[in-house]
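Report on one structure; see the data block that follows.
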Amino acid sequence: MKHLRYLLMAAALVAIAIVAAACGSSGSSSSTSSGGGGSDTAAAGGDYLNGGFAAAETPVKGGTLKMAMNSNIDCWNGLSYYGISWSVFYFMARGLYGYPNTVVAPATDEMQPELAADMPSVSSDGKTYTVKLREGLTFPDGSPVTAKDVKATYEYMLDPNIQCATGGPPASGYYSGIVGESEYSDAMTKSKGKNNIGISGIKAVDDLTTSFTLVKPDGSFPRALAMGWAFIVPASTPHKKSDTPPPFVGPYKISDYQLDKSVTIEREPSWDKNVAAGVPQADNENNVDAIDLQIGVPDETQYAQLKNNEIDMTFDGSAPTGSEVPATANDPAYKSRFYSTPDAAVDYAVFKTDVAPFDNVMLRQAVNYALDRDAIVKVIGGKLSRSPWSQILSENLLADQPTDVYSMDVEKAKQLIKDSGVPTPINITLANFSDAPSPQVSAAMKEALEAVGFKVTVKALSADVYYGFLADPKSDYNIGVAAWGEDYADAITYYGPLLLCGQGSNYGQFCDKGFDAKVDEINQLPPGADRTAQFAQLSTDTATNLAPWATLDLRRKISFVSERLGNYVWGPGKQFYFASYFLKDGK
Amino acid sequence: MALLTVENLRTTFRTDDGPVGAVDGVSLSVDAGKVLGIVGESGCGKSAMSLSIMGLLPKTATVEGSIRLGERELVGLPAGELRTLRGDDMAMIFQDPMTSLNPVMTIGWQLIEAVRLHQKVSKAEARQRAIEGLAAVGIPSPEDRLRSYPMELSGGMRQRVMIAMALLNRPRLLIADEPTTALDVTTQAQILELMRDLRSEVDAAIVLITHDLGVVAELCDEVAVMYAGRIVERATVDELFAHPQHPYTWGLLASLPGRNLASERLHQIPGTPPSLLRPPAGCRFAPRCPFAMDVCRADPAPALTATGRGTAAVACHLTQDVRDREGARHSGEEQA
Amino acid sequence: MIRFLVRRILGGIFVVLVVTLAVFVLFGPVLRWHSNISPARLYAGKNPTPAQIERVSALLGLDKPYYVQYAYTLQRLVLGPTQEERDRVCPGSTAAECDQLLGRFGSSFAKQRSVDSLIWEAFPVTLSLTLIAAVLWLLISIPIGIIAAIRPRSIFDRVSIVFVLIGQSLPVYYFGLLALYFLAYKYQLFPLSGYEPLSDPGQWLYHLLLPASVLALQFAAIYVRITRSQMLDTLSEDYVRTARAKGAGETRIIIRHAFRNAMLPIVTMFGLDLGLLLGGAILIEVTFGLQGLGWLAVEAAKRLDVPTTAGIVLFSAILIVAANIVVDLINASLDPRIRLE
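Chains as they are written, first to last, in this note's numbering: chain A, 28 to 614; chain B, 2 to 337; chain C, -7 to 333.
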């Protein structure tokens, strides 16, 4: 009897663990489903409900910004892959390149030199990028920043042994084009860090000059030098796992870190010298003296604290959510502190293009016409949370392309189905997440599709298994709802992983040689208006002619901050623009 | 002078179905040094009566009438005063020694508690008395037993402990409620012998409640036969066995083992005792009585009336002749 | 007594073994086969190549066959991590730094810490919460349960039954949110969130009182019920009647005779509840932002941090088994029937 009791207790425990795992994973998937990545981007005249630089006030200097977060970020050493952490590292660290703090969603061509003295020079074969550091830069201990440090930084960053828990080497894919990167990774993996052969493609040419040699030309490579983890650290930084940052070149530093409890960020005294050396900093930037971040504060608590002005902002909190969103946005007491800002991520319904019936492009177009995106946005939480969307790319990448390539047109959809010659009703399976509000989205889609001649079976899957299911070519579905967010403001971050033949995240097995060739061609172009415009045109053309998926909505970021927080800006670029924030009472 | 006098005792339990008159107008008395046996089937009100005397009934019960211990009226006595009498002036031994001792306390703890609840003596003194008490009931090496838990003792030993505990404070009244029923036959005999021995030593009035006339024969001076909450016959032991007067008593006598060898099986009184929730009118034994007459089934019930032989009394409508004749058939003399 | 103890401990070790196996199978093969989830796939980042997944798999030690992984998990639990794993998990670190990264429960996938250190940091929070809650619920429930039992059907008893119903049917997170809203947010009597270590006892209690009370209320309801029914049972026992016949006062009868016996099942249940709660009061900890084991478990499960999740489950299993043994010992000391059997 006793033993049985133990066993029952054990079983109960395991059950609890499973329940916890099940509940937990749906949480994690929301970050995965949003693409996990952060972004970076061109403002396409987004409708900011509040804030934005248009409303910029002259900041008060000083004070401690109080911030709360629910779950700690993976690691505070700067090697984090997830966008949420980049914003705070942008506040503390500088890489060779970055984006101005004055642009909410900077386009790639708005990239600016930070520690680098100028934009990189490219060799005539397009394979070698040369970067020159500013003169007179110093690390916090006063030692100069040299090209050796730059080379060592990238080797530190790409050492697979010491990576921040999640994400492996921060998207090492960005750097796999560097000559010698894969040899370096292999050697370091096999020797457990003992055989540091270095990356042969990165060379310290002289004290200030570093060259990056690529296997083949890649116009987007400079973006990789501006990513939210590519911060320069001293060459002496040991290759070991750590949860605290190495000494960065930056305006602020972490002065105290209690695991999962709190982070205190204060001004870095050496910063002024670096500003004097030319690192960009506007007068209205870097206003607060410190940030006090409390970790592990539940969303509801954060929401209550925000209402009471006990904290200034939430770092990762999702409150307000659901019906609280419009309630907060319309409450006179809170209205002025509420923001809804377009994000650079889309939800889309991918077609399995390798099997019938959606190997037929007319049917894919028909679905695009049939869907009622307004109804879908409504069930997800209204237009404060989402915008109806039918382009491939998110708003910031579209240049002057129209945002609505498809608008609901039932007759057109029916006509396309008729023209396709496929007999109705057409039986299809729709895959989607099983947690709210996905079932309602599925229902709205089903209703719209059945109105034009499809017969829809909905398949709801738990978030833990969902992407595994979508990615498996053998999985039995015809349309699957997915989400994607860009890593930086360049269309290649959509086209590359999602639509080129044979890519891992190309769930629908979409493969069009002409499209691939076009992407490859435009990708040779350097960043700039031309590249952006051509990729944007490709988005319209692809959505219209090939319809590899049906985009449903563009995500929006909901923010709710304290009364005293001035110049609050959120944008898909750096996410939180901490540098511009100030505290009206200066405390 | 009677030590315990009970007059017209009525004990009623409140139940969801209505009041149950467990004891319905019982009067009796016991002298110091005497043993009164109360006999009847289970459910006849014997225990309710003894608990009424001890004041141990639950709150759902009401007690009316009079119970006097010496000069003192117990009915209506405040709970606190009644408590000081319990275990001191009057003590009780229960039926099941297996469950009547606290299983998680040592024998010593329970005995010492009994002493110190009523007497301001030191622990050591109380302990000494406990040892003496155990010795008096024939428990070997009593000092060691103080450290024992009830589960370590046999049923007979436990009942000895219960008896010792009851006698610790030299009570004037001892109520023994089926003290041997739960024990095996050999142990029963030992406990009965112990009680007989103690009887002369303690000089208390003893009320012995039993369903077993055999036990009565061995221990008692007087006996009252109860049926369905009432006393139907009262007599000295000798008189009861010599001239049993009530048909119910005849039934009880007939069911004594060894008394009815001719039929080679134990006699059973047919039927079951009536529900006390709605007792039958008239004589309550009438539904089971082979001699019942119309008058028996109508109110008023026959009153307890003297038979003319000593103190004996019976509550029955049968004529004296019939009772004597039938009684003789069931008497101890005839069958012996 | 010694044999009793040895038997219990051996049984406990067996249970812990079974739990480790169950945890291992659930978080390893079952996740893989049933749901096509591989932690390596998750930890390889966004849109990883097969080579990247393989590399992460090797780094996390997931590239070996399951039985080897399991055997090693057990070996590490008993003997500590091997040099091979230390080299793999913490290259370039000193031994002391590596101890922070890797312990007997392994190394967290999601944080740059050993599972052991995460557990030992979270445990005081859970322990404090549980102990305060336990003191509160016993203080509330036992007197109420006893009074309800000695006055059955009284107004008090009926009110206590309503209390039991409310306490048991209000979900703790809902009640917790209500308490947070009114007591912490609206009237600001308590802090909204967080934990303060015992080094400042006043703050410690101030931060834990609200969550502990919410937790206690739920358990108090259960304990009122069990105390009441146990007391009703023991009060009708023969030995209680004997005690009355001895002339013992009501208080003495209730405390020394009836409750002493009624305590036994309550102690058993209390020990098990304590063991379970020490493994993490998930809902309360998450609602009130207390970073105890429950919170840690949710955090770990969210990120498919297998070693941390498994470590917490194992740690909880050890606690529950230990609680069982302690309960058995306490029961044996309270009840000679168990001790002497």
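For every residue, glycine included, the Cβ atom is placed at its ideal position computed from N, Cα and C.
(request) Assuming residue 114 of chain B and residue 238 of chain C form a contact by the criterion Cβ under 8 Å, report the distance between their Cβ atoms to the nearest whole angstrom. (result) Here residue 114 of chain B corresponds to residue number 113 of the second sequence, with the count starting at 1. Here residue 238 of chain C corresponds to residue number 246 of the third sequence, with the count starting at 1. Between residue 238 of chain C and residue 114 of chain B the Cβ distance is about 7 Å, and since that is below 8 Å, they are a contact.
(message) Could you check whether residue 297 of chain C and residue 100 of chain C sit closer than 8 Å to each other, using their CB atoms as the reference points?
(response) Working through the third sequence from its first residue, we reach residue 100 of chain C at position 108. Working through the third sequence from its first residue, we reach residue 297 of chain C at position 305. Going by C-beta atoms, residue 100 of chain C is nearer than 8 Å to residue 297 of chain C.
(request) Just the C-alpha distance for residue 3 of chain C and residue 106 of chain C, rounded to the nearest angstrom, thanks. (result) Residue 3 of chain C sits at position 11 when you count from the first residue of the third sequence. Residue 106 of chain C sits at position 114 when you count from the first residue of the third sequence. Those two C-alpha atoms are separated by around 28 Å.
(request) For the alpha helix (DSSP H) holding residue 323 of chain C, just list the boundary residues, first then last. (result) As a first step, residue 323 of chain C must be located in the third sequence, where it is residue number 331. Residues 298 to 326.
(request) Identify which residue in B/313, B/245 and B/281 has its Cα closest to the Cα of residue 298 of chain B. (result) Counted from its first residue, the second sequence places residue 298 of chain B at position 297. Checked all of B/313, B/245 and B/281; the closest Cα to residue 298 of chain B is B/281.
(message) What would DSSP say about residue 253 of chain A, mapped onto helix, strand or coil?
(response) The sequence position of residue 253 of chain A within the first sequence is 226, counting from 1. Here residue 253 of chain A sits in coil by DSSP.
(request) Give, in chain order, every residue of the stretch 280 to 301 of chain A whose Cβ lies closer than 9 Å to some Cβ of chain C. (result) 286, 287 and 288
(message) Can you look up residue 215 of chain B in the DSSP assignment and give me helix, strand or coil?
(response) The count along the second sequence starts at 1 and reaches residue 215 of chain B at position 214. Helix at residue 215 of chain B.
(request) Note down the Cα distance separating residue 188 of chain A from residue 217 of chain A, rounded to an integer number of angstroms. (result) On the first sequence, position 161 is the one that residue 188 of chain A refers to. On the first sequence, position 190 is the one that residue 217 of chain A refers to. Their Cα atoms are separated by approximately 10 Å.
(message) Strictly under 8 Å for the Cβ-Cβ distance: is residue 317 of chain B near chain C by that measure?
(response) Looking up residue 317 of chain B in the second sequence gives position 316. Not an interface residue.
(request) Give the range of the alpha helix (DSSP H) segment to which residue 178 of chain A is assigned. (result) Working through the first sequence from its first residue, we reach residue 178 of chain A at position 151. For residue 178 of chain A, the enclosing alpha helix (DSSP H) has its first and last residue at 174 to 184.
(message) Following a CB-centred definition, is residue 88 of chain A positioned closer than 7 Å to any heavy atom of the ligand FAD?
(response) Although the ligand FAD was asked about, the structure shown includes no ligands whatsoever.
(request) Check the Cβ of residue 216 of chain A against every Cβ in chain C and list those closer than 9 Å, keeping chain order. (result) For the purposes of this step, residue 216 of chain A is identified with residue 189 of the first sequence, where counting begins at 1. Under the 9 Å cutoff, chain C gives 47, 50 and 51.
(request) Take the Cβ of residue 250 of chain B as the centre, count every other Cβ of all protein chains shown within 10 Å, and call the residue buried at 16 or more, exposed below. (result) One-based indexing of the second sequence puts residue 250 of chain B at position 249. Looking at its Cβ environment, which holds 16 or more other Cβ atoms inside 10 Å, residue 250 of chain B is buried.
(message) Can you tell me which residues form a DSSP beta bridge with residue 576 of chain A?
(response) As a first step, residue 576 of chain A must be located in the first sequence, where it is residue number 549. A/377.
(request) Given a cut-off of 8 Å, decide if residue 244 of chain B and residue 1 of chain B are closer than it, judged by their beta-carbon atoms. (result) One cannot answer for residue 1 of chain B here, as it falls past the ends of chain B, which runs 2 to 337.
(message) Do residue 177 of chain B and residue 209 of chain B count as a contact pair if the criterion is CB distance below 8 Å?
(response) What you label residue 209 of chain B is simply residue 208 of the second sequence in a count that begins at 1. What you label residue 177 of chain B is simply residue 176 of the second sequence in a count that begins at 1. Residue 209 of chain B places its beta carbon less than 8 Å from that of residue 177 of chain B.
(request) State the start and end residues of the unbroken alpha helix (DSSP H) segment that holds residue 365 of chain B. (result) Nothing about residue 365 of chain B can be read from this structure; chain B reaches only from 2 to 337.
(message) Is the separation between the beta-carbon of residue 328 of chain B and that of residue 302 of chain B shorter than 8 Å?
(response) Position 327 of the second sequence, counting from 1, holds the residue named residue 328 of chain B. Position 301 of the second sequence, counting from 1, holds the residue named residue 302 of chain B. Cβ distance not < 8 Å, so residue 328 of chain B and residue 302 of chain B don't count as in contact.
(request) Would you please verify whether the beta carbon of residue 281 of chain C is less than 8 Å from any beta carbon of chain D? (result) The structure shown contains no chain D; the protein chains it does contain are A, B and C.
(message) Quick check: is the beta carbon of residue 326 of chain C nearer than 8 Å to any beta carbon in chain A?
(response) To locate residue 326 of chain C, count along the third sequence from 1; it is residue 334. It does not: the Cβ of residue 326 of chain C has no partner Cβ on chain A nearer than 8 Å.
(message) By the DSSP assignment, the beta strand (DSSP E) with residue 28 of chain B in it spans what residues?
(response) One-based indexing of the second sequence puts residue 28 of chain B at position 27. Its beta strand (DSSP E) spans residues 19 to 32.
(message) Which residues in chain B have a C-beta closer than 7 Å to the C-beta of residue 239 of chain C? List them in chain order.
(response) The count along the third sequence starts at 1 and reaches residue 239 of chain C at position 247. Result: 84, 85, 87, 88, 89, 118 and 119.
(message) In the DSSP assignment, the beta strand (DSSP E) including residue 103 of chain A goes from what residue to what residue?
(response) Stepping through the first sequence from its first residue, residue 103 of chain A is reached at position 76. Premise fails: residue 103 of chain A is in no beta strand (DSSP E) and is neither H nor E.
(message) By the DSSP assignment, the alpha helix (DSSP H) with residue 287 of chain C in it spans what residues?
(response) Here residue 287 of chain C corresponds to residue number 295 of the third sequence, with the count starting at 1. Note, residue 287 of chain C: alpha helix (DSSP H), 285 to 294.
(message) When you compare the CB of residue 101 of chain B with every CB in chain C, is at least one pair closer than 8 Å?
(response) Here residue 101 of chain B corresponds to residue number 100 of the second sequence, with the count starting at 1. Chain C, which has a Cβ nearer than 8 Å to the Cβ of residue 101 of chain B, makes this yes.
(message) So if I threshold CB-CB distances at 8 Å, which residues from the stretch 330 to 363 of chain A count as touching chain C?
(response) 331, 332, 334, 335 and 337
(request) Decide if residue 112 of chain C is buried, meaning its Cβ has at least 16 other Cβ atoms within 10 Å, or exposed. (result) As a position in the third sequence, residue 112 of chain C is number 120, starting the count at 1. Residue 112 of chain C comes out exposed.
(request) Tell me whether the beta-carbon of residue 171 of chain C lies closer than 8 Å to the beta-carbon of residue 184 of chain C. (result) Numbered from its first residue, the third sequence carries residue 171 of chain C at position 179. Numbered from its first residue, the third sequence carries residue 184 of chain C at position 192. It is not a contact, given that the beta carbons lie outside the stated cut-off.
(message) Between B/292, B/311 and B/231, which has its C-alpha nearest residue 42 of chain B's C-alpha?
(response) Here residue 42 of chain B refers to the residue found at position 41 of the second sequence. Among B/292, B/311 and B/231, the Cα nearest to that of residue 42 of chain B is on B/231.
(request) State the Cα-Cα distance for the pair residue 190 of chain B and residue 3 of chain B, rounded to the nearest angstrom. (result) Against the second sequence, residue 190 of chain B aligns to sequence position 189. Against the second sequence, residue 3 of chain B aligns to sequence position 2. Each residue's Cα considered, the two are about 29 Å apart.
(request) With DSSP collapsed to three states, give me the class of residue 139 of chain A. (result) Your numbering for residue 139 of chain A matches position 112 in the first sequence. Three-state DSSP puts residue 139 of chain A in a strand.
(request) Compare the C-beta of residue 243 of chain C with all C-beta atoms of chain B and state if any pair is closer than 8 Å. (result) Translated into positions along the third sequence, residue 243 of chain C becomes position 251. For residue 243 of chain C, the answer is no, since every Cβ of chain B falls outside 8 Å of its Cβ.
(request) Could you name the residues of chain C that residue 1 of chain B contacts, counting a contact when the two beta carbons are closer than 7 Å? (result) For residue 1 of chain B there is no data in the structure shown, the boundaries of chain B being 2 and 337.
(message) Tell me the residue span of the beta strand (DSSP E) that contains residue 7 of chain B.
(response) As a working note, residue 7 of chain B is residue 6 in the second sequence. For residue 7 of chain B, the enclosing beta strand (DSSP E) has its first and last residue at 3 to 16.
(request) Could you tell me whether any Cβ in chain C is nearer than 8 Å to the Cβ of residue 323 of chain A? (result) Within the first sequence, the letter at position 296 stands for residue 323 of chain A. So yes, residue 323 of chain A belongs to the interface.
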